[in-house]
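Asks: Counting from 1 along the sequence shown, just add 2 to a position and that's the residue number in the working numbering. Sharing a structure below in structure tokens format, with a few things to ask.
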Amino acid sequence: MGLVIALNKGRIFEECLPLLAACKIQPSDDPKKSRKLIFDSVSGGHKIIVARSADVPTYVENGVADVGITGKDTILEYGDDMTFYERLDLKIGACRMMTAGPVGVVEPEQGIRVASKFVNIARKHYQSQSKQVSIVKLSGALEIAPLLGLSDCIVDIVDTGNTLKANGLEARETICDISTRLIVNRASMKTKFDAVQLLIQQLEEAINTNEAGDIA
Ligand code: PRP
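Written as structure tokens, this is what we have:
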């Protein structure tokens with residue numbers, strides 16, 4: 003039975019294609035050349051949706067996609083009352099969710115101004131420390147905010163740390179580790195059990211091969 007698979011566009015999409023190809027799931031057109039956002043698979047009767055990161059959980063929760071592949075950051079930001087299953091760590095896109103601020107500047111104890119696009123993650127983090135914060139929501143390029151005096155610090159994804167460094171910021175606390183995850187719609191877990199299980203099993207094999215460095 004074919005699955006509708008929602009993929010996070012951008013880096014995750016590109017890193018997932020070889021893993022899906024190893025599961026014999028390949029888009030019928032070349033996604034790099036096509037502006038299409040829904041692709042049929044060459045075989046297996048699957049459909050591949052290319053979605054904005056924050057929309058992947060929405061598609062899966064609403065059942066328009068059976069499974070979705072997106073970052074743990076997106077899943078955490080989506081909230082605690084999610085009604086889908088997180089079933090697999092694809093072990094790609096590894097990075098950290100961190101707080102960061104200007105090098106050598108001490109953060110105020112209370113009333114911290116935090117800029118982030120991950121407002122739920124940021125709020126929860128500071129709440130867990132009983133710190134009062136005001137959160138400014140931005141859509142990206144968060145590093146600008148402390149430089150312009152809009153915030154004392156940021157909550158953002160850190161991979162190499164180069165963006166922080168280039169903008170005079172330093173990493174402070176690690177909130178959590180992030181990587182790419184497979185999520186599954188609750189109803190699809192029952193109605194398409196065999197197809198979902200096969201995908202999970204094939205992805206696990208592909209991930210193990212990937213870790214061994216055998217998939218480009
Ligand atoms: C992400 C993140 C940082 C950067 C971290 O941004 O928000 O800005 O990557 O990577 P680094 O530690 O390797 O420098 P992205 O490129 O996704 O764009 P955005 O800033 O618009 O979110």
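Cβ atoms here follow ideal geometry from the backbone N, Cα and C, with glycine treated the same way.
Looking at E145 and ligand 1, is the gap between the Cβ and the nearest heavy atom below 7 Å?
Replies: Yes, ligand 1 has a heavy atom inside 7 Å of this Cβ.
Asks: Can you grab the Cα-Cα spacing for the pair N212 / F15, in whole Å?
Replies: Taking the straight line joining both Cα atoms gives about 15 Å.
Asks: Given that a residue counts as buried once 16 or more other Cβ atoms are within 10 Å of its Cβ, and exposed if not, what is P59?
Replies: Buried is the call here.
Asks: Can you look up C18 in the DSSP assignment and give me helix, strand or coil?
Replies: Correct three-state label for C18: helix.
Asks: Does the distance between the C-beta of L166 and the nearest non-hydrogen atom of ligand 1 fall short of 7 Å?
Replies: Yes, the beta carbon of L166 sits closer than 7 Å to at least one heavy atom of ligand 1.
Asks: Near T223, which residues of its chain fall below 7 Å by C-beta distance, leaving aside the five closest residues on each side in sequence?
Replies: The shown model of the chain, from 3 to 218, leaves out residue 223, and the question about it has no answer.
Asks: Please work out which residues of its chain come closer than 8 Å, Cβ to Cβ, to G170, disregarding the five sequence neighbours upstream and downstream, and give them in chain order.
Replies: Once the five neighbours on either side are set aside, the close Cβ partners of G170 are P104, V105 and L149.
Asks: Mind listing, in chain order, the continuous alpha helix (DSSP H) runs of no fewer than 4 residues lying wholly within the stretch 59-92?
Replies: Those alpha helix (DSSP H) runs which fall completely within the stretch 59-92 and span 4+ residues are 74-80.
Asks: Which residue's Cα is closest to the Cα of G215: P33, V157 and K93?
Replies: Considering only alpha carbons, the answer is K93.
Asks: Which residue marks the beginning of the alpha helix (DSSP H) containing E213, and which one marks its end?
Replies: Where E213 is concerned, the enclosing alpha helix (DSSP H) stretches over F195 to E213.
Asks: At a cut-off of 7 Å, would you count D159 as near ligand 1, judging by its Cβ distance to the nearest heavy atom?
Replies: Note on residue identity: the sequence assigns Ile, not Asp, to residue 159. I159: yes, Cβ under 7 Å from ligand 1.
Asks: Under 8 Å between the Cβ atoms of Q129 and G113?
Replies: No, they are not a contact pair.
Asks: Please work out which residues of its chain come closer than 8 Å, Cβ to Cβ, to T76, disregarding the five sequence neighbours upstream and downstream, and give them in chain order.
Replies: The residues are N10, S55, A56, V58 and P59.
Asks: Which whole-angstrom value describes the C-beta separation of A189 and C155, a residue pair presumed to lie in contact below a C-beta threshold of 8 Å?
Replies: The pair is not a contact, with the Cβ atoms about 41 Å apart (cut-off 8 Å).
Asks: Between T182 and ligand 1, is there a pair consisting of the residue's CB and a ligand heavy atom that are separated by less than 7 Å?
Replies: Result no, Cβ not under 7 Å from ligand 1.
Asks: Spell out the partners DSSP gives I123 in its beta bridges.
Replies: BP columns for I123 are empty, so no partner.
Asks: Taking 8 Å as the threshold (C-beta atoms), are N187 and A67 in contact?
Replies: It is a contact, given that the beta carbons lie within the stated cut-off.
Asks: Return yes when at least one heavy atom of ligand 1 lies under 7 Å from the C-beta of G142, else no.
Replies: It does: the Cβ of G142 is within 7 Å (strictly closer) of some heavy atom of ligand 1.
Asks: Considering L184, what are the terminal residues of the beta strand (DSSP E) in which it resides?
Replies: Where L184 is concerned, the enclosing beta strand (DSSP E) stretches over T182 to N187.
Asks: Over what stretch of residues does the alpha helix (DSSP H) that includes A168 continue unbroken?
Replies: First-last of the alpha helix (DSSP H) with A168: N164 to A168.
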